[in-house]
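In the UniProt record's numbering, the protein residues as written are 1 to 432. See structure below.
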(Lines of atoms letter the chains of each structure in order from A and count residues from 1; the text may use other names and numbers.)
(Lines give C-alpha, C1' and ligand atoms only; values in the text may rest on other atoms or scores of the structure.)
Protein backbone atom coordinates (compact mmCIF):
# COMPACT_ATOMS: atom_id res chain seq x y z
CA UNK A 1 0.00 0.00 0.00
CA UNK A 2 2.83 2.37 0.90
CA UNK A 3 4.58 1.57 -2.36
CA UNK A 4 1.39 2.41 -4.30
CA UNK A 5 1.11 5.76 -2.50
CA UNK A 6 4.79 6.43 -3.18
CA UNK A 7 4.31 5.66 -6.88
CA UNK A 8 1.28 7.95 -7.09
CA UNK A 9 3.18 10.71 -5.33
CA UNK A 10 6.16 10.39 -7.72
CA UNK A 11 3.78 10.28 -10.66
CA UNK A 12 2.23 13.51 -9.39
CA UNK A 13 5.63 15.14 -9.09
CA UNK A 14 6.57 13.95 -12.57
CA UNK A 15 3.35 15.35 -14.02
CA UNK A 16 3.99 18.71 -12.31
CA UNK A 17 7.56 18.76 -13.65
CA UNK A 18 6.31 17.84 -17.11
CA UNK A 19 3.72 20.62 -16.93
CA UNK A 20 6.42 23.12 -15.86
CA UNK A 21 8.68 21.92 -18.65
CA UNK A 22 5.83 22.18 -21.16
CA UNK A 23 5.00 25.69 -19.96
CA UNK A 24 8.64 26.76 -20.33
CA UNK A 25 8.83 25.20 -23.80
CA UNK A 26 5.58 26.90 -24.81
CA UNK A 27 6.88 30.20 -23.44
CA UNK A 28 10.11 29.92 -25.46
CA UNK A 29 8.09 28.99 -28.55
CA UNK A 30 5.79 31.99 -28.07
CA UNK A 31 8.82 34.27 -27.62
CA UNK A 32 10.34 32.94 -30.84
CA UNK A 33 7.04 33.37 -32.68
CA UNK A 34 6.72 36.91 -31.34
CA UNK A 35 10.21 37.68 -32.61
CA UNK A 36 9.41 36.19 -36.02
CA UNK A 37 6.09 38.04 -36.22
CA UNK A 38 7.83 41.31 -35.38
CA UNK A 39 8.34 43.30 -38.58
CA UNK A 40 11.84 43.21 -40.01
CA UNK A 41 12.50 46.92 -39.59
CA UNK A 42 10.75 46.92 -36.21
CA UNK A 43 13.78 45.08 -34.86
CA UNK A 44 15.60 48.42 -35.18
CA UNK A 45 15.05 50.92 -32.37
CA UNK A 46 16.61 54.17 -31.21
CA UNK A 47 19.06 52.46 -28.87
CA UNK A 48 20.49 49.86 -31.22
CA UNK A 49 20.51 52.20 -34.24
CA UNK A 50 22.52 54.81 -32.30
CA UNK A 51 24.95 52.14 -31.11
CA UNK A 52 25.27 50.80 -34.67
CA UNK A 53 25.96 54.33 -35.94
CA UNK A 54 28.82 54.76 -33.44
CA UNK A 55 30.20 51.33 -34.30
CA UNK A 56 30.11 52.36 -37.97
CA UNK A 57 32.02 55.58 -37.19
CA UNK A 58 34.55 53.57 -35.18
CA UNK A 59 35.14 51.11 -38.03
CA UNK A 60 35.31 54.00 -40.51
CA UNK A 61 38.11 55.61 -38.48
CA UNK A 62 39.76 52.20 -38.15
CA UNK A 63 40.06 51.89 -41.93
CA UNK A 64 40.94 55.55 -42.50
CA UNK A 65 43.85 55.42 -40.05
CA UNK A 66 45.01 52.05 -41.39
CA UNK A 67 45.20 52.89 -45.10
CA UNK A 68 46.29 56.53 -44.83
CA UNK A 69 49.91 55.40 -44.76
CA UNK A 70 49.63 53.94 -48.27
CA UNK A 71 48.33 57.25 -49.64
CA UNK A 72 50.96 59.47 -48.01
CA UNK A 73 53.91 57.07 -48.36
CA UNK A 74 55.66 58.94 -51.17
CA UNK A 75 55.54 62.32 -49.42
CA UNK A 76 56.59 60.72 -46.12
CA UNK A 77 59.46 58.83 -47.76
CA UNK A 78 60.84 61.99 -49.35
CA UNK A 79 60.85 63.79 -46.01
CA UNK A 80 61.73 60.95 -43.63
CA UNK A 81 63.96 59.08 -46.14
CA UNK A 82 63.03 55.40 -46.47
CA UNK A 83 62.41 52.92 -49.27
CA UNK A 84 63.58 52.98 -52.88
CA UNK A 85 64.70 55.94 -54.94
CA UNK A 86 63.76 56.60 -58.56
CA UNK A 87 63.77 59.20 -61.31
CA UNK A 88 60.71 61.46 -61.29
CA UNK A 89 59.41 64.86 -62.39
CA UNK A 90 61.04 67.74 -60.53
CA UNK A 91 58.12 69.65 -59.08
CA UNK A 92 60.31 72.75 -58.80
CA UNK A 93 59.73 73.30 -62.52
CA UNK A 94 56.33 71.73 -63.14
CA UNK A 95 53.96 69.00 -61.96
CA UNK A 96 52.33 66.15 -63.83
CA UNK A 97 49.24 68.31 -64.46
CA UNK A 98 51.41 70.81 -66.37
CA UNK A 99 52.12 68.14 -68.98
CA UNK A 100 48.57 68.24 -70.36
CA UNK A 101 48.55 69.86 -73.78
CA UNK A 102 52.11 71.19 -73.41
CA UNK A 103 55.27 70.77 -75.42
CA UNK A 104 56.76 68.72 -72.60
CA UNK A 105 54.77 65.55 -73.32
CA UNK A 106 57.87 63.88 -74.75
CA UNK A 107 59.71 64.10 -71.42
CA UNK A 108 60.33 60.76 -69.72
CA UNK A 109 61.83 60.75 -66.24
CA UNK A 110 62.54 57.03 -66.46
CA UNK A 111 66.32 56.79 -66.05
CA UNK A 112 67.59 53.87 -64.00
CA UNK A 113 70.53 55.72 -62.44
CA UNK A 114 70.85 59.00 -60.56
CA UNK A 115 73.46 60.58 -62.86
CA UNK A 116 71.39 59.82 -65.95
CA UNK A 117 68.21 61.11 -64.31
CA UNK A 118 69.69 64.45 -63.28
CA UNK A 119 70.94 65.13 -66.83
CA UNK A 120 67.51 64.92 -68.49
CA UNK A 121 66.47 68.30 -69.93
CA UNK A 122 63.45 69.74 -71.70
CA UNK A 123 63.42 71.76 -74.93
CA UNK A 124 64.44 74.90 -73.03
CA UNK A 125 67.52 73.22 -71.59
CA UNK A 126 66.11 73.04 -68.05
CA UNK A 127 66.82 70.03 -65.85
CA UNK A 128 63.33 68.66 -65.27
CA UNK A 129 63.89 65.38 -63.42
CA UNK A 130 65.04 64.54 -59.91
CA UNK A 131 66.28 61.44 -58.11
CA UNK A 132 64.21 61.00 -54.97
CA UNK A 133 62.36 58.54 -52.75
CA UNK A 134 59.27 57.12 -54.46
CA UNK A 135 57.44 55.61 -51.47
CA UNK A 136 58.04 52.03 -52.60
CA UNK A 137 60.49 49.25 -51.82
CA UNK A 138 61.09 46.73 -49.05
CA UNK A 139 60.98 49.21 -46.17
CA UNK A 140 57.59 50.50 -47.29
CA UNK A 141 56.15 47.02 -47.84
CA UNK A 142 57.35 45.86 -44.40
CA UNK A 143 55.63 48.75 -42.62
CA UNK A 144 52.46 48.52 -44.71
CA UNK A 145 52.28 44.73 -44.41
CA UNK A 146 54.00 42.49 -41.81
CA UNK A 147 54.78 45.15 -39.18
CA UNK A 148 51.07 45.96 -38.97
CA UNK A 149 49.35 42.71 -39.95
CA UNK A 150 51.33 40.26 -37.79
CA UNK A 151 50.74 42.16 -34.55
CA UNK A 152 47.16 42.94 -35.64
CA UNK A 153 46.42 39.24 -36.17
CA UNK A 154 47.90 37.90 -32.93
CA UNK A 155 46.60 40.78 -30.83
CA UNK A 156 43.12 40.05 -32.19
CA UNK A 157 43.27 36.47 -30.89
CA UNK A 158 44.02 37.53 -27.30
CA UNK A 159 41.69 40.53 -27.41
CA UNK A 160 38.84 38.24 -28.49
CA UNK A 161 39.09 36.45 -25.14
CA UNK A 162 38.55 39.79 -23.41
CA UNK A 163 35.32 40.29 -25.38
CA UNK A 164 33.79 37.38 -23.44
CA UNK A 165 34.83 38.66 -20.01
CA UNK A 166 35.10 42.45 -19.80
CA UNK A 167 32.89 45.43 -20.59
CA UNK A 168 32.99 45.53 -24.38
CA UNK A 169 31.97 49.18 -24.68
CA UNK A 170 34.87 50.30 -22.49
CA UNK A 171 37.31 48.02 -24.30
CA UNK A 172 36.20 49.26 -27.73
CA UNK A 173 36.49 52.92 -26.72
CA UNK A 174 39.92 52.25 -25.20
CA UNK A 175 41.15 50.58 -28.38
CA UNK A 176 39.86 53.54 -30.41
CA UNK A 177 41.81 55.94 -28.19
CA UNK A 178 44.96 53.84 -28.59
CA UNK A 179 44.95 53.73 -32.38
CA UNK A 180 43.87 57.38 -32.67
CA UNK A 181 46.85 58.32 -30.51
CA UNK A 182 49.16 56.27 -32.76
CA UNK A 183 47.73 58.08 -35.80
CA UNK A 184 48.19 61.49 -34.19
CA UNK A 185 51.81 60.72 -33.27
CA UNK A 186 52.52 59.57 -36.84
CA UNK A 187 52.12 63.19 -37.87
CA UNK A 188 55.22 64.02 -35.80
CA UNK A 189 57.60 61.29 -37.03
CA UNK A 190 61.11 62.12 -38.20
CA UNK A 191 62.61 58.66 -38.70
CA UNK A 192 61.70 55.32 -40.24
CA UNK A 193 61.84 53.45 -36.92
CA UNK A 194 59.33 55.83 -35.39
CA UNK A 195 56.93 54.85 -38.17
CA UNK A 196 57.58 51.15 -37.46
CA UNK A 197 56.84 51.52 -33.74
CA UNK A 198 53.67 53.55 -34.33
CA UNK A 199 52.36 51.10 -36.95
CA UNK A 200 53.03 48.36 -34.41
CA UNK A 201 50.92 50.22 -31.85
CA UNK A 202 48.26 50.94 -34.46
CA UNK A 203 47.91 47.20 -35.08
CA UNK A 204 47.42 46.49 -31.37
CA UNK A 205 44.73 49.16 -31.04
CA UNK A 206 42.85 48.33 -34.22
CA UNK A 207 42.77 44.61 -33.42
CA UNK A 208 40.05 45.25 -30.83
CA UNK A 209 37.60 46.99 -33.15
CA UNK A 210 35.65 44.16 -34.79
CA UNK A 211 35.76 41.60 -31.91
CA UNK A 212 34.07 44.06 -29.54
CA UNK A 213 31.80 45.84 -32.05
CA UNK A 214 30.56 42.69 -33.84
CA UNK A 215 29.95 40.95 -30.52
CA UNK A 216 27.76 43.82 -29.31
CA UNK A 217 25.93 44.03 -32.65
CA UNK A 218 25.06 40.33 -32.29
CA UNK A 219 23.49 41.09 -28.90
CA UNK A 220 21.76 44.32 -29.98
CA UNK A 221 20.00 42.79 -33.00
CA UNK A 222 17.91 39.60 -33.37
CA UNK A 223 19.09 37.06 -35.89
CA UNK A 224 16.59 38.04 -38.62
CA UNK A 225 18.16 41.51 -38.93
CA UNK A 226 21.68 40.74 -37.76
CA UNK A 227 23.05 40.29 -41.27
CA UNK A 228 21.84 43.73 -42.34
CA UNK A 229 23.22 45.31 -39.16
CA UNK A 230 26.63 43.76 -39.78
CA UNK A 231 26.39 44.89 -43.41
CA UNK A 232 25.83 48.48 -42.27
CA UNK A 233 28.75 48.14 -39.86
CA UNK A 234 30.93 47.02 -42.76
CA UNK A 235 30.13 50.25 -44.62
CA UNK A 236 32.99 51.54 -42.50
CA UNK A 237 35.49 49.58 -44.61
CA UNK A 238 34.61 51.40 -47.81
CA UNK A 239 33.86 54.83 -46.37
CA UNK A 240 37.09 54.81 -44.36
CA UNK A 241 39.14 53.50 -47.28
CA UNK A 242 37.74 56.19 -49.60
CA UNK A 243 38.31 58.88 -46.98
CA UNK A 244 41.98 57.87 -46.78
CA UNK A 245 42.32 59.00 -50.42
CA UNK A 246 40.56 62.28 -49.67
CA UNK A 247 42.70 62.96 -46.58
CA UNK A 248 45.95 61.72 -48.06
CA UNK A 249 45.64 63.59 -51.36
CA UNK A 250 43.61 66.75 -50.76
CA UNK A 251 44.80 67.63 -47.24
CA UNK A 252 48.41 66.91 -48.17
CA UNK A 253 48.00 69.07 -51.26
CA UNK A 254 46.54 71.90 -49.15
CA UNK A 255 49.87 71.98 -47.27
CA UNK A 256 48.35 73.35 -44.04
CA UNK A 257 50.90 75.31 -42.01
CA UNK A 258 53.47 74.21 -44.59
CA UNK A 259 53.39 70.69 -43.08
CA UNK A 260 51.93 68.78 -46.04
CA UNK A 261 51.10 65.14 -45.26
CA UNK A 262 51.40 65.59 -41.48
CA UNK A 263 48.02 67.32 -41.23
CA UNK A 264 46.38 64.32 -42.89
CA UNK A 265 47.25 62.35 -39.75
CA UNK A 266 46.35 65.13 -37.33
CA UNK A 267 42.86 65.56 -38.83
CA UNK A 268 42.31 61.79 -39.12
CA UNK A 269 43.12 61.25 -35.43
CA UNK A 270 41.03 64.00 -33.81
CA UNK A 271 37.55 62.50 -34.57
CA UNK A 272 38.60 59.27 -32.85
CA UNK A 273 38.82 61.04 -29.50
CA UNK A 274 35.27 62.43 -29.89
CA UNK A 275 33.80 59.07 -30.95
CA UNK A 276 35.54 57.29 -28.06
CA UNK A 277 33.93 59.76 -25.64
CA UNK A 278 30.49 59.10 -27.16
CA UNK A 279 31.01 55.36 -26.81
CA UNK A 280 31.93 55.77 -23.13
CA UNK A 281 28.99 58.06 -22.34
CA UNK A 282 26.06 56.97 -24.52
CA UNK A 283 26.39 53.26 -25.35
CA UNK A 284 25.55 50.40 -23.00
CA UNK A 285 27.15 47.00 -23.16
CA UNK A 286 24.09 44.84 -24.00
CA UNK A 287 23.41 41.61 -22.08
CA UNK A 288 25.22 38.68 -23.65
CA UNK A 289 22.76 36.36 -25.34
CA UNK A 290 22.73 32.77 -26.53
CA UNK A 291 20.47 31.26 -29.18
CA UNK A 292 19.36 28.62 -26.66
CA UNK A 293 19.94 29.63 -23.00
CA UNK A 294 21.34 26.80 -20.93
CA UNK A 295 21.95 27.41 -17.23
CA UNK A 296 23.90 24.17 -16.84
CA UNK A 297 26.17 25.20 -19.71
CA UNK A 298 26.67 28.62 -18.14
CA UNK A 299 27.57 27.02 -14.81
CA UNK A 300 30.02 24.69 -16.56
CA UNK A 301 31.53 27.64 -18.45
CA UNK A 302 32.12 29.57 -15.22
CA UNK A 303 33.82 26.63 -13.48
CA UNK A 304 36.14 25.80 -16.38
CA UNK A 305 39.80 26.63 -15.88
CA UNK A 306 41.56 29.04 -18.22
CA UNK A 307 43.72 26.16 -19.47
CA UNK A 308 40.67 24.07 -20.33
CA UNK A 309 38.96 27.01 -22.06
CA UNK A 310 42.05 27.61 -24.17
CA UNK A 311 42.22 23.92 -25.07
CA UNK A 312 38.58 23.99 -26.11
CA UNK A 313 39.06 27.07 -28.28
CA UNK A 314 42.09 25.65 -30.07
CA UNK A 315 40.31 22.33 -30.63
CA UNK A 316 37.49 24.14 -32.40
CA UNK A 317 39.99 26.36 -34.21
CA UNK A 318 41.58 23.33 -35.90
CA UNK A 319 38.23 22.01 -37.07
CA UNK A 320 38.60 21.31 -40.85
CA UNK A 321 35.64 23.55 -41.75
CA UNK A 322 37.02 26.44 -39.71
CA UNK A 323 40.51 25.97 -41.16
CA UNK A 324 39.13 26.00 -44.70
CA UNK A 325 37.18 29.18 -43.99
CA UNK A 326 40.28 30.80 -42.48
CA UNK A 327 42.40 29.79 -45.47
CA UNK A 328 39.88 31.27 -47.90
CA UNK A 329 39.63 34.44 -45.85
CA UNK A 330 43.43 34.76 -45.68
CA UNK A 331 43.78 34.47 -49.46
CA UNK A 332 41.05 37.03 -50.05
CA UNK A 333 42.43 39.48 -47.49
CA UNK A 334 46.02 39.06 -48.68
CA UNK A 335 44.98 40.11 -52.18
CA UNK A 336 42.92 42.96 -50.75
CA UNK A 337 45.84 44.33 -48.73
CA UNK A 338 48.26 44.11 -51.66
CA UNK A 339 45.89 46.09 -53.89
CA UNK A 340 44.87 48.58 -51.20
CA UNK A 341 48.41 49.52 -50.17
CA UNK A 342 49.67 49.88 -53.75
CA UNK A 343 46.74 51.53 -55.54
CA UNK A 344 47.96 55.10 -54.95
CA UNK A 345 51.41 54.34 -56.37
CA UNK A 346 49.87 52.35 -59.21
CA UNK A 347 47.84 55.33 -60.37
CA UNK A 348 50.83 57.60 -59.82
CA UNK A 349 52.81 55.40 -62.21
CA UNK A 350 50.00 56.01 -64.71
CA UNK A 351 50.85 59.71 -64.34
CA UNK A 352 47.71 60.55 -62.40
CA UNK A 353 47.92 63.62 -60.16
CA UNK A 354 46.90 63.62 -56.49
CA UNK A 355 43.76 65.57 -57.39
CA UNK A 356 42.76 63.04 -60.04
CA UNK A 357 43.34 60.06 -57.77
CA UNK A 358 41.41 61.73 -54.96
CA UNK A 359 38.59 62.73 -57.31
CA UNK A 360 37.52 59.19 -58.13
CA UNK A 361 39.00 57.03 -55.36
CA UNK A 362 37.25 59.14 -52.70
CA UNK A 363 33.79 57.97 -53.82
CA UNK A 364 33.93 54.88 -56.09
CA UNK A 365 34.77 52.41 -53.24
CA UNK A 366 31.97 53.94 -51.15
CA UNK A 367 29.28 53.42 -53.80
CA UNK A 368 30.34 49.92 -54.80
CA UNK A 369 31.17 48.78 -51.29
CA UNK A 370 28.03 50.02 -49.54
CA UNK A 371 25.80 48.53 -52.24
CA UNK A 372 27.50 45.14 -52.05
CA UNK A 373 27.59 44.71 -48.27
CA UNK A 374 24.00 45.94 -47.85
CA UNK A 375 22.62 43.60 -50.52
CA UNK A 376 24.82 40.78 -49.20
CA UNK A 377 23.54 41.29 -45.66
CA UNK A 378 19.90 41.34 -46.76
CA UNK A 379 20.33 38.26 -48.97
CA UNK A 380 22.04 36.31 -46.20
CA UNK A 381 19.20 37.19 -43.77
CA UNK A 382 16.61 35.97 -46.28
CA UNK A 383 18.46 32.80 -47.29
CA UNK A 384 19.33 31.79 -43.73
CA UNK A 385 15.61 31.57 -42.89
CA UNK A 386 15.14 28.94 -45.59
CA UNK A 387 18.42 27.06 -45.71
CA UNK A 388 19.94 27.59 -42.26
CA UNK A 389 22.99 29.32 -40.85
CA UNK A 390 25.54 27.76 -43.19
CA UNK A 391 23.79 29.27 -46.19
CA UNK A 392 25.65 32.52 -45.43
CA UNK A 393 28.73 30.79 -46.83
CA UNK A 394 26.90 30.42 -50.15
CA UNK A 395 26.47 34.20 -50.35
CA UNK A 396 30.19 34.66 -49.68
CA UNK A 397 31.21 32.15 -52.36
CA UNK A 398 28.94 33.69 -55.00
CA UNK A 399 29.99 37.26 -54.23
CA UNK A 400 33.73 36.48 -54.34
CA UNK A 401 33.32 34.51 -57.57
CA UNK A 402 31.55 37.46 -59.19
CA UNK A 403 34.14 39.94 -57.91
CA UNK A 404 37.27 38.07 -59.06
CA UNK A 405 37.01 38.88 -62.82
CA UNK A 406 36.50 42.58 -62.09
CA UNK A 407 39.55 42.70 -59.79
CA UNK A 408 41.72 41.03 -62.42
CA UNK A 409 40.18 43.13 -65.19
CA UNK A 410 41.11 46.39 -63.46
CA UNK A 411 44.82 45.59 -63.71
CA UNK A 412 44.58 44.02 -67.17
CA UNK A 413 42.71 46.88 -68.85
CA UNK A 414 44.80 49.52 -67.10
CA UNK A 415 47.92 47.84 -68.47
CA UNK A 416 46.48 47.98 -71.99
CA UNK A 417 45.57 51.65 -71.57
CA UNK A 418 49.03 52.49 -70.24
CA UNK A 419 50.69 50.73 -73.18
CA UNK A 420 48.51 52.64 -75.65
CA UNK A 421 49.14 55.91 -73.81
CA UNK A 422 52.91 55.51 -74.00
CA UNK A 423 52.71 54.60 -77.67
CA UNK A 424 50.65 57.73 -78.37
CA UNK A 425 52.84 59.91 -76.06
CA UNK A 426 49.91 60.54 -73.70
CA UNK A 427 51.05 60.61 -70.11
CA UNK A 428 47.89 61.31 -68.16
CA UNK A 429 45.56 58.34 -68.40
CA UNK A 430 42.45 58.01 -66.25
CA UNK A 431 42.21 54.35 -65.35
CA UNK A 432 40.00 53.10 -62.54
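Heads up, the beta-carbon is just placed ideally off N, CA and C, and yes, glycines get one too. Since we're looking at a predicted model, the values are computed, not measured.
By how many angstroms is the C-alpha of residue 386 removed from the C-alpha of residue 187? 51 Å
For the 8 Å Cβ check, are there 3 or more pairs between the region 70 to 89 and the region 137 to 156? yes
Residues in its own chain within less than 6 Å of residue 248 by CB, not counting five upstream and five downstream? 68, 71, 72 and 264
Mind pulling the beta strand (DSSP E) runs of 3 or more residues that sit fully within the region 107 to 176? 129 to 133
Neighbourhood of residue 111 by C-beta distance below 6 Å, restricted to the same chain and skipping five residues each side: 87 and 117
List the DSSP bridge partners of residue 85. 133
Given 8 Å, three or more beta-carbon pairs between the region 216 to 234 and the region 365 to 385: yes
Tell me whether the beta-carbon of residue 219 lies closer than 8 Å to the beta-carbon of residue 146. no
Sort 355, 170 and 222 by Cα distance to residue 251 and report the nearest one. 355
Contacts around residue 183, its chain only, beta-carbon distance under 6 Å, and the 5 residues preceding and following it disregarded: 65, 265, 268 and 269
Could you tell me the boundaries of the alpha helix (DSSP H) in which residue 381 lies? 364 to 387
Of the residues 235, 217, 174 and 204, the one placed nearest residue 275, counting alpha carbons only: 174
Nearest-angstrom Cα separation, counted from residue 120 out to residue 114: 10 Å
With a CB to CB cut of under 7 Å and the five nearest residues on each side skipped, what residues in its chain are close to residue 192? 80, 82 and 139
Inside the region 206 to 258 only - beta strand (DSSP E) runs reaching at least 3 residues: none
Determine the DSSP secondary structure at residue 344, reduced to helix, strand or coil. helix
Assuming contact is defined by CB atoms lying nearer than 8 Å, are residue 207 and residue 155 in contact in what I supplied? yes
Cα-Cα separation, residue 352 to residue 91: 14 Å
Residues in the same chain with beta-carbon distance under 8 Å from residue 279, minus the five sequence neighbours each way, listed in chain order, please. 54, 58, 169, 172, 173 and 176
Can you tell me whether residue 322 is buried or exposed, with buried defined as 16 or more other CB within 10 angstroms of its CB? exposed
With a 10 Å radius around its C-beta and 16 neighbouring C-beta atoms as the bar for buried, classify residue 261 as buried or exposed. buried
Along the chain, where does the alpha helix (DSSP H) containing residue 65 start, and where does it finish? 46 to 80
Can you round the beta-carbon distance between residue 151 and residue 203 to whole angstroms, since I take them to be within the 8 Å contact cut? 4 Å
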